[in-house]
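Asker: Dropping a structure here in structure tokens format, bear with me for questions.
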Amino acid sequence: MGEPMRVRAVLNGEWTEVRVLMKHVMLSRLIWDKTGKLIKPHFIQTVRGTCNGKEVLHVNFGGSVARDPYFSFKFSGGKLGDKVVISWVDTEGDQRSDEATITA
């Protein structure tokens, strides 16, 4: 399990804007450490976002996403006080899920 994400959800008219900062190494290719040992790629593969259990985001990341990715997205139908949950799964099977409450 990775470090906690920073998740913010703000209602702006009919749209809810969600901002997410994920802490992850995002090793995108085969690399070797100083001793010559091979380090396999290790990056977030799938990100999902839900609002009150309804999926509002599904993203498949590739190896080209930078370390500690930040992204934002908007969706309609959110209300003040609704719960937004962001979760990810990486190439090693690690998972993380964090939530935020929609504010004004």
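In the numbering used here, the protein residues as written are 642 to 745. Yeah, the Cβ is synthetic: ideal placement off N, Cα and C, and Gly gets one too.
(1) Quick check on Asn693: does DSSP put it in helix, strand or coil?
(2) Which stretch, first to last residue, makes up the beta strand (DSSP E) that contains Thr657?
(3) Can you name, in chain order, every residue of its own chain whose Cβ lies under 8 Å from the Cβ of Leu721, other than the five neighbours on each side?
(4) Assuming contact is defined by CB atoms lying nearer than 7 Å, are Ile727 and Asp739 in contact in what I supplied?
(5) Measure the alpha-carbon distance for Ile680 versus His665 and round it to whole angstroms.
Answerer: Short version:
(1) In the structure shown, Asn693 sits in coil (DSSP, three-state: anything other than H, G, I, E or B).
(2) Under the DSSP assignment, Thr657 falls in the beta strand (DSSP E) whose first and last residues are 656-662.
(3) Leu652, Ile743, Thr744, Ala745
(4) yes
(5) 15 Å
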